[in-house]
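To start, the structure itself, in structure tokens.
Residue numbers (my numbering), protein chains in the order written: chain A, 7 to 119; chain B, 191 to 509.
Spelled out as structure tokens, the structure:
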């Protein structure tokens, strides 16, 4: 076959190989822990998408206490003072809306997919 | 300096525009007296102190709010010291108040130690009694169990209650429990039902004072400064000629007149918060140390029976 066809085939083969490699890698490694910062009476990022099995950690940077409460009580933190943290591991797929029960205008969402 | 405002624009006898003009001066040490529909305002100098001393009031009480015992960050590292100064101001009033209303956020984190510390400080207030309603900081973690155990003994199970004094009916409401995601303060069906029955048989000439932590009018919803179902509560008070609502939570004085209802929010004794929208969030606002006492304070309220007369004096820890 001519040189161009050979080059094209090599590119495709290399591409396939690296795809396979990547797939094998993610099946064996845990998702990295995800952080949500609580600052200025808001959750940042307000919407966070994670993989099943991920652990999300909220850290309060405000001078007032906040809580993290799932709207359907799927998770519920104690009152977090400045510097306190709360972690939750999301094993089930789905969308989890949550809010601060002390300042309910603060809302956020975790999407597990 | 005495100044008389006469702007009676309404046949119901309440001088609203004059009242609002006068209220704009409150917090600088001004007394506004609504007497029979005409507004008189007096600056708090020695002349007016004598004048006020001569005014016959049937009832005087004090409102304090948002003591946040346990808070120790930049906005005020020593909230106990400023509370003590507020108490000294109360004790320096020419007439000891019949009682004190605390409109919530007694503590910062609802801990037993913080409630105990507040109790200890309030022992030195010279008054007949202290009435409380909880703030959201007083009901963390336990749905208000600690607060209710200490302050709910003579209240309804949910912590609300009413009492009468010198012909005035006082209603203490709880709007910081069972808050819904994305919502504001909340009174709930049980409390509303109780309140409806509580005022049903009162004569319409009875002056009413409602006190609750979160404002019962929508000051700034983006910061949660309002109560979802307060309109329903206020609808039960339509028949009364004189309704005063005293709130805390926003750590600054604001006033609003709506029909027969006058709303006042109070300063904190601990730290100020920004004006609506003036900062990214409603958190504690740090001011230069020499300005702190100018934005903290107490409120003295005097009633004169039978003439719809109400004198509200906001004074800072600096004045």
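No residue lacks a Cβ here, since even glycine has one placed at the ideal position from N, Cα and C. Quick caveat: nothing in here was measured; it's all calculated off a predicted structure.
List, in chain order, every chain A residue whose beta-carbon is nearer than 9 angstroms to that of residue i.
i	result
residue 265 (chain B)	69
residue 307 (chain B)	Chain A residues near residue 307 (chain B): none, gap ~17 angstroms exceeds 9 angstroms.
Using a cut-off of 8 angstroms between C-beta atoms, extract the partners of residue i located in chain A.
i	result
residue 412 (chain B)	111
residue 299 (chain B)	71, 85 and 87
Can you look up residue i in the DSSP assignment and give me helix, strand or coil?
i	result
residue 216 (chain B)	Note that residue 216 (chain B) scores a pLDDT of 38, beneath 50, so its modelled location is shaky and nothing firm can be said.
residue 510 (chain B)	Because chain B here runs from 191 to 509, residue 510 (chain B) falls outside it and cannot be looked at.
residue 377 (chain B)	coil
residue 41 (chain A)	strand
residue 489 (chain B)	strand
residue 252 (chain B)	strand
residue 504 (chain B)	strand
residue 80 (chain A)	coil
residue 327 (chain B)	helix
residue 415 (chain B)	strand
residue 205 (chain B)	At residue 205 (chain B), the pLDDT of 47 sits below 50, so the modelled position is not reliable; the number obtained from the coordinates is stated separately. Three-state result, residue 205 (chain B): coil.
residue 479 (chain B)	helix
residue 86 (chain A)	strand
residue 382 (chain B)	helix
residue 438 (chain B)	coil
residue 484 (chain B)	helix
residue 458 (chain B)	coil
residue 433 (chain B)	strand
residue 101 (chain A)	strand
residue 404 (chain B)	coil
residue 258 (chain B)	coil
residue 109 (chain A)	coil
residue 285 (chain B)	coil
Over what stretch of residues does the beta strand (DSSP E) that includes residue i continue unbroken?
i	result
residue 66 (chain A)	60–66
residue 280 (chain B)	Looking at the DSSP string, residue 280 (chain B) is not in any beta strand (DSSP E); the run it does join, the alpha helix (DSSP H), is 269–281.
residue 410 (chain B)	Note, residue 410 (chain B): premise wrong, no beta strand (DSSP E); not H, not E.
residue 48 (chain A)	48–50
residue 322 (chain B)	320–322
residue 114 (chain A)	113–118
residue 396 (chain B)	Premise fails: residue 396 (chain B) is in no beta strand (DSSP E) and is neither H nor E.
residue 361 (chain B)	358–362
residue 355 (chain B)	351–355
residue 446 (chain B)	444–448
residue 346 (chain B)	Note, residue 346 (chain B): premise wrong, no beta strand (DSSP E); not H, not E.
residue 467 (chain B)	Here residue 467 (chain B) belongs to no beta strand (DSSP E), and DSSP marks it neither H nor E.
residue 92 (chain A)	91–96
residue 55 (chain A)	53–56
residue 290 (chain B)	290–292
Could you give the distance in angstroms between the alpha-carbon of residue i and the alpha-carbon of residue j?
i	j	result
residue 491 (chain B)	residue 56 (chain A)	55 angstroms
residue 202 (chain B)	residue 502 (chain B)	With a pLDDT of 44 at residue 202 (chain B), under the threshold of 50, the modelled position of this residue cannot be trusted, and the question is left open.
residue 474 (chain B)	residue 71 (chain A)	12 angstroms
residue 225 (chain B)	residue 430 (chain B)	Below a pLDDT of 50, predicted positions are generally treated as unreliable, and residue 225 (chain B), at 44, falls in that range; no measurement from the model is reported.
residue 227 (chain B)	residue 319 (chain B)	Any reading at residue 227 (chain B) needs caution, since the residue's pLDDT is 39, under 50, leaving its predicted position unreliable; the model's value is listed next. Cα to Cα, residue 227 (chain B) sits roughly 32 angstroms from residue 319 (chain B).
residue 276 (chain B)	residue 269 (chain B)	11 angstroms
residue 60 (chain A)	residue 364 (chain B)	39 angstroms
residue 397 (chain B)	residue 428 (chain B)	12 angstroms
residue 356 (chain B)	residue 450 (chain B)	20 angstroms
residue 31 (chain A)	residue 40 (chain A)	Confidence is the limiting factor: at residue 31 (chain A) the pLDDT is only 44, short of 50, which leaves the residue's position unreliable and the question unanswerable from this model.
residue 505 (chain B)	residue 96 (chain A)	52 angstroms
residue 394 (chain B)	residue 348 (chain B)	27 angstroms
residue 399 (chain B)	residue 43 (chain A)	41 angstroms
residue 252 (chain B)	residue 321 (chain B)	10 angstroms
residue 382 (chain B)	residue 334 (chain B)	19 angstroms
residue 523 (chain B)	residue 500 (chain B)	What the structure shows of chain B is the stretch from 191 to 509, and residue 523 (chain B) is not part of that stretch, so it cannot be assessed.
residue 489 (chain B)	residue 472 (chain B)	22 angstroms
residue 352 (chain B)	residue 45 (chain A)	38 angstroms
Could you please give the first and the last residue of the uninterrupted alpha helix (DSSP H) stretch that includes residue i?
i	result
residue 422 (chain B)	420–425
residue 307 (chain B)	302–312
residue 337 (chain B)	335–341
Report the neighbours of residue i on chain B: residues whose CB is nearer than 9 angstroms to its CB, in chain order.
i	result
residue 93 (chain A)	Residues of chain B passing the Cβ test: none, with the nearest at roughly 18 angstroms.
In chain B, which residues lie with their C-beta within 7 angstroms of the C-beta of residue i?
i	result
residue 50 (chain A)	Within 7 angstroms Cβ-Cβ: nothing; residue 50 (chain A) doesn't reach chain B, min ~12 angstroms.
residue 108 (chain A)	326 and 330
residue 47 (chain A)	471, 472 and 473
What distance in whole Å lies between the Cβ atoms of residue j and residue i, which are believed to be in contact at a cut-off of 8 angstroms?
i	j	result
residue 327 (chain B)	residue 300 (chain B)	7 angstroms
residue 62 (chain A)	residue 94 (chain A)	6 angstroms
residue 452 (chain B)	residue 476 (chain B)	No, residue 452 (chain B) and residue 476 (chain B) are not in contact; Cβ-Cβ is about 32 angstroms, not under 8 angstroms.
residue 419 (chain B)	residue 377 (chain B)	5 angstroms
residue 414 (chain B)	residue 78 (chain A)	Residue 414 (chain B) to residue 78 (chain A), Cβ: 21 angstroms. No contact.
residue 461 (chain B)	residue 278 (chain B)	Not really, about 18 angstroms apart at Cβ, beyond 8 angstroms.
residue 456 (chain B)	residue 436 (chain B)	7 angstroms
Closer than 8 angstroms by beta-carbon distance: list the chain B residues that pair up with residue i, in chain order.
i	result
residue 103 (chain A)	371
residue 77 (chain A)	371
What residues from the stretch 454–488 of chain B come within 8 angstroms of chain C, judged by C-beta to C-beta, listed N to C? Among the protein chains in the structure shown, which are A and B, there is no chain C.
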